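Sequences listed follow chains G and X, in order.
Per the working numbering, the first sequence runs over residues 230 to 480.
Per the working numbering, the second sequence runs over residues 230 to 480.
From the three backbone atoms N, C-alpha and C, an ideal C-beta is built for every residue, glycine too.
Bear in mind the structure is a predicted one, so any value in this text is a computation, not a measurement.
2 protein chains.
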Amino acid sequence: MADPLIHRNIKLTVAYDGTNYHGFQRQANTAATIQQVLEERLAKIFGSGVTVTGAARTDAGVHAYGQVINFYTAGTIPTQKIPLAAKSVLPEEIVITAAEEVDHNFHARFSAKSKIYIYRIQNTLMPDPFARKYTWHIPLVLDVESMSRAIGSIKGTHDFSAFRASGGAPVNPVRTIIDAACRREGNIVEFCFWGNGFLYHMVRNLVGTLVDVGLGRKPVSALENILATRERKLAGVTAPPQGLFLKQVLY
Amino acid sequence: MADPLIHRNIKLTVAYDGTNYHGFQRQANTAATIQQVLEERLAKIFGSGVTVTGAARTDAGVHAYGQVINFYTAGTIPTQKIPLAAKSVLPEEIVITAAEEVDHNFHARFSAKSKIYIYRIQNTLMPDPFARKYTWHIPLVLDVESMSRAIGSIKGTHDFSAFRASGGAPVNPVRTIIDAACRREGNIVEFCFWGNGFLYHMVRNLVGTLVDVGLGRKPVSALENILATRERKLAGVTAPPQGLFLKQVLY
Numbered sequence: 230m231a232d233p234l235i236h237r238n239i240k241l242t243v244a245y246d247g248t249n250y251h252g253f254q255r256q257a258n259t260a261a262t263i264q265q266v267l268e269e270r271l272a273k274i275f276g277s278g279v280t281v282t283g284a285a286r287t288d289a290g291v292h293a294y295g296q297v298i299n300f301y302t303a304g305t306i307p308t309q310k311i312p313l314a315a316k317s318v319l320p321e322e323i324v325i326t327a328a329e330e331v332d333h334n335f336h337a338r339f340s341a342k343s344k345i346y347i348y349r350i351q352n353t354l355m356p357d358p359f360a361r362k363y364t365w366h367i368p369l370v371l372d373v374e375s376m377s378r379a380i381g382s383i384k385g386t387h388d389f390s391a392f393r394a395s396g397g398a399p400v401n402p403v404r405t406i407i408d409a410a411c412r413r414e415g416n417i418v419e420f421c422f423w424g425n426g427f428l429y430h431m432v433r434n435l436v437g438t439l440v441d442v443g444l445g446r447k448p449v450s451a452l453e454n455i456l457a458t459r460e461r462k463l464a465g466v467t468a469p470p471q472g473l474f475l476k477q478v479l480y
Numbered sequence: 230m231a232d233p234l235i236h237r238n239i240k241l242t243v244a245y246d247g248t249n250y251h252g253f254q255r256q257a258n259t260a261a262t263i264q265q266v267l268e269e270r271l272a273k274i275f276g277s278g279v280t281v282t283g284a285a286r287t288d289a290g291v292h293a294y295g296q297v298i299n300f301y302t303a304g305t306i307p308t309q310k311i312p313l314a315a316k317s318v319l320p321e322e323i324v325i326t327a328a329e330e331v332d333h334n335f336h337a338r339f340s341a342k343s344k345i346y347i348y349r350i351q352n353t354l355m356p357d358p359f360a361r362k363y364t365w366h367i368p369l370v371l372d373v374e375s376m377s378r379a380i381g382s383i384k385g386t387h388d389f390s391a392f393r394a395s396g397g398a399p400v401n402p403v404r405t406i407i408d409a410a411c412r413r414e415g416n417i418v419e420f421c422f423w424g425n426g427f428l429y430h431m432v433r434n435l436v437g438t439l440v441d442v443g444l445g446r447k448p449v450s451a452l453e454n455i456l457a458t459r460e461r462k463l464a465g466v467t468a469p470p471q472g473l474f475l476k477q478v479l480y
């Protein structure tokens with residue numbers, strides 16, 4: 230057990246390019262995950278093993294600007310030196326952008342009040358080779374006006390059963406979306422989802438359905454109607470992982 | 230020989246992520262190059278082998294927004310259909326952004342009047358994991374004001390011997406820089422070089438020296454002085470390839 234007299238509780242903000250990782254969470258098999266790499270590499274600067282708790286379990290190929298982790302350590306490295314020290318032991322896809330010592334009760338996942346995810350689509354006939362790992366490429370023109378109206382209907386508290394992965398754990402499907410928006414900047418269409426929590430694949434399933442609206446394959450009322458049915462089979466495809474970024478975790 | 234009665238001369242604009250390639254030019258060994266991949270894959274849509282001429286021989290790890298190539302073909306695919314057809318046969322790192330049929334005398338390299346290169350530095354303490362393959366990360370603060378003044382001295386016609394790679398071919402070292410500039414946008418410092426031609430490693434050697442100026446290790450007059458000496462050993466390091474992009478070739 231972490232002893233407050235011996236162990237500090239360290240909170241780190243982590244940015245990572247998830248392209249080459251099998252998601253955040255450590256897995257029983259040998260696939261590289263962000264958590265496993267963090268635990269193995271950070272042990273080198275804290276002098277003993279660390280067990281990392283992450284705010285969100287991002288999937289394989291999903292990225293983060295601001296994942297938050299915490300762990301208890303008896304290591305003596307000054308907190309403000311952690312980001313640079315970590316840079317020398319971590320692969321360049323994983324960067325510690327901030328470090329602070331927090332109260333012993335702080336828990337990266339359970340203490341989180343809300344999270345912000347963004348999803349980017351590259352909406353252009355010929356793809357940009359530099360964006361291929363960080364966007365979903367859709368060559369047909371998306372109607373941002375329709376998608377903006379559709380996305381408004383998910384704000385508030387709803388049962389999101391229709392947008393959860395079929396294989397997800399049987400948790401309470403009710404979530405509150407504080408804000409959600411869609412905008413175009415040049416060839417990039419960006420969705421932003423700010424909510425108190427998200428079901429497994431929920432953002433990617435919402436984006437897949439919004440794209441159907443943007444392409445005129447579903448009406449603007451689709452999200453509202455599908456939410457009401459709670460039927461997963463009515464929603465659109467699961468958008469591919471590489472367009473999704475965990476932007477921020479709020480406490 | 231290409232026969233104007235049988236063969237079209239096709240000019241293509243090509244964007245590519247050079248990260249995983251050993252430069253543009255086909256090599257005798259088995260390393261993958263952009264030219265080799267273009268020739269092998271484009272043959273599939275033109276019905277017979279194509280021999281590609283590129284405007285510039287970008288190095289291993291260097292990128293392009295607007296490389297230009299040309300080749301002669303008896304293939305009958307309509308010109309405007311080439312970009313999408315090429316998308317189905319090319320790896321996603323290489324994208325044909327424009328295609329046109331040009332005069333038989335057009336030669337991607339010899340007809341080029343000038344080229345524009347840009348070089349990007351990520352000037353921030355902790356690196357952005359998403360920019361690592363497309364920028365040079367320099368954590369110490371660069372003085373853009375000093376670099377802007379220094380870069381002005383290379384405009385015009387000069388003997389650039391001091392900034393050519395030591396192993397380069399013995400070509401005429403005189404080149405004309407039409408414009409050159411340096412600016413900061415947030416954490417990104419961007420250099421732009423517009424010239425009638427560039428010696429091997431010239432842009433990367435100029436950037437290495439400019440960075441010495443930006444860090445206060447060399448005076449603002451360094452570029453002017455080093456140019457005059459024609460001594461390669463006085464210039465700075467060769468900036469790494471991943472920050473360099475061939476932006477445009479002008480005809």
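Residue(s) in a DSSP beta bridge with residue i
i, result
"residue 296(X)", "243(X)"
"residue 418(G)", "350(G), 413(G)"
"residue 385(G)", "406(G)"
"residue 345(X)", "423(X), 477(X)"
"residue 321(X)", "Note: residue 321(X) sits in no beta bridge, so no partner."
"residue 331(X)", "238(X)"
"residue 302(X)", "237(X)"
"residue 443(X)", "DSSP lists no partner for residue 443(X)."
"residue 366(X)", "351(X)"
"residue 283(X)", "298(X)"
C-beta neighbour in chain B for residue i, strict 9 Å
i, result
"residue 361(X)", "Reference to chain B is not applicable here, since the protein chains of this structure are G and X."
Sub-9 Å separation of residue i and residue j beta-carbons
i, j, result
"residue 305(X)", "residue 279(X)", "no"
"residue 435(X)", "residue 345(X)", "no"
"residue 437(X)", "residue 409(X)", "no"
"residue 478(X)", "residue 284(X)", "yes"
"residue 405(X)", "residue 386(X)", "yes"
"residue 336(G)", "residue 282(G)", "yes"
"residue 299(G)", "residue 241(G)", "yes"
"residue 371(X)", "residue 413(X)", "yes"
"residue 293(X)", "residue 474(X)", "yes"
"residue 234(G)", "residue 323(G)", "no"
"residue 215(X)", "residue 472(X)", "With chain X running from 230 to 480 in the structure shown, residue 215(X) is simply not present."
"residue 407(G)", "residue 384(G)", "yes"
"residue 341(X)", "residue 295(X)", "no"
"residue 270(G)", "residue 330(G)", "no"
"residue 263(G)", "residue 314(G)", "no"
"residue 416(X)", "residue 357(X)", "yes"
"residue 348(X)", "residue 231(X)", "no"
Below-9 Å beta-carbon distance, residue i vs any chain X residue
i, result
"residue 291(G)", "no"
"residue 419(G)", "no"
"residue 288(G)", "no"
"residue 312(G)", "yes"
"residue 266(G)", "no"
"residue 346(G)", "no"
"residue 453(G)", "no"
"residue 241(G)", "no"
"residue 475(G)", "no"
"residue 329(G)", "no"
"residue 439(G)", "no"
"residue 321(G)", "yes"
Interface flag, residue i vs chain G, CB-CB below 9 Å
i, result
"residue 316(X)", "yes"
"residue 281(X)", "no"
"residue 358(X)", "yes"
"residue 245(X)", "yes"
"residue 431(X)", "no"
"residue 436(X)", "no"
"residue 324(X)", "yes"
"residue 414(X)", "no"
"residue 354(X)", "yes"
Member of the options whose CA lies at the smallest distance from the CA of residue i
i, options, result
"residue 466(G)", "479(G), 441(G), 456(G)", "441(G)"
"residue 179(X)", "340(X), 308(X), 338(X), 341(X)", "This structure cannot settle anything about residue 179(X), because the visible part of chain X is limited to 230 through 480."
"residue 354(G)", "447(X), 327(X), 352(X), 366(X)", "327(X)"
"residue 445(G)", "383(G), 374(G), 270(G)", "374(G)"
"residue 432(X)", "447(X), 411(X), 415(X)", "411(X)"
"residue 480(G)", "297(G), 269(G), 231(G)", "297(G)"
"residue 482(X)", "443(X), 455(X), 447(X), 254(X)", "Within the shown structure, residues of chain X are numbered from 230 to 480, placing residue 482(X) beyond reach of any answer."
"residue 402(G)", "378(G), 382(G), 456(G), 439(G)", "456(G)"
"residue 424(X)", "376(X), 476(X), 378(X)", "476(X)"
Should the segment 283 to 290 of chain G be regarded as contacting the segment 247 to 258 of chain G, the criterion being three or more beta carbon pairs within less than 8 Å? yes
Is the segment 385 to 397 of chain X close to the segment 456 to 467 of chain X, with three or more CB pairs under 8 Å? yes
Below 8 Å, can you find three or more Cβ-Cβ pairs linking the segment 444 to 456 of chain X to the segment 417 to 424 of chain X? no
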